[in-house]
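Numbering (full-length UniProt numbering), first residue to last: 1 to 151.
No residue lacks a Cβ here, since even glycine has one placed at the ideal position from N, Cα and C.
Please read these numbers as outputs of a predicted model, since none were measured by experiment.
Accompanying notes for the structure given below.
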Amino acid sequence: MMTKILMVCLGNICRSPLAEGILKYKLPKENYIVDSAGTANYHTNKQPDSRSIAVAKTHGLNISNQKARQFTVNDFDVFDFIYVMDQTNYQNVIKLARNDADRNKVEMLLNVVYPNKNFEVPDPYYGGEQGFENVYQMLDEACNIIAEKLQ
Ligand code: 4NP
C-alpha cells in the first residue's frame, strides 16, 4: 500500500519543494509518494527558486526537476497527510476542506517536532541565502521524525 504525503506552502517554489525533496530521500519509493503544492497559483509550472535548488544541492539533493502547482480540493482525496508550513497556508487549505476527514489530514509541519506549538517555517523568499539554509534545517528535522514515525 502507498502512503501519500503532500507538503504545502504559498508559492510552491521555496519551502515545500525542499520539504518534498528531503522527505522523498528519507522514504522508500516503493511505499511512499511525496509531492508538494502551493496555495497560490503565481508560480504554476515554474521550477523551484534557484536558492532552494542551491541549498538542496549543498545537501546532496536535486530538486530542479520539480514544477510548481496549486493545491486543489482533489488533494484531500489523494493524500493521507497534508503538512503546511505556516498559519496562512493552514487557513488557505482548511478553507477548501469539505468535512472533518479533510480537516484531519492537515497539520502544521513543525508540530511533528514541537507538538501543538504551531511554529511556522518562515517564508525565505524575500530574505538571503542563510534563510534557505535555516529553512532546510527545520525541514530536515521535521522530515526525520515523519520518516521514523511512518516506518
Ligand atoms: P514559498 O515562498 O511559499 O515557500 O514557495 C514564496 C514564494 C513566492 C512568493 C511568496 C512565498 N511570492 O509572493 O511570489
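Annotated three-state conformation of Cys14 is coil, per DSSP. The beta carbons of Thr39 and Phe71 sit closer together than 7 Å.
With a beta-carbon spacing of about 19 Å, Ala97 and Asn12 fall beyond the 8 Å limit used to define contacts. Taking a 10 Å sphere around the C-beta of Ile5, we find 16 or more other C-beta atoms and assign the residue as buried.
Take Met138, set aside five residues on each side of it, and the residues of its chain with a beta-carbon closer than 7 Å to its own are Leu110, Val121, in chain order. Using a cutoff of 6 Å, the CB of Gly11 counts as near the ligand 4NP, since one of the ligand's heavy atoms is closer than that. Close CB contacts of Thr3 within its chain, under the 6 Å cut and outside five residues either way in sequence, are with Tyr32, Asp80 (chain order).
In the structure shown, the three-state DSSP call for Met138 is helix.
Put simply, the segment 49-59 touches the segment 126-146. At least three CB pairs are less than 8 Å apart. Contact between Val8 and Ser36 holds: their C-beta atoms lie close to 7 Å from each other, under 8 Å. Bounds of any alpha helix (DSSP H) do not take in Val8; it lies within the beta strand (DSSP E) bounded by 3-9. For Val34, no alpha helix (DSSP H) encloses it; the enclosing beta strand (DSSP E) starts and ends at 32-38. For Cys143 and Ala19, the gap between their C-alpha atoms comes out near 8 Å. Taking 6 Å as the cut-off, one finds no heavy atom of the ligand 4NP near enough to the beta carbon of Arg51. Taking 3 residues as the shortest admissible run, the segment 47-120 contains the following complete beta strand (DSSP E) segments, listed from N- to C-terminal end: 81-84, 106-108.
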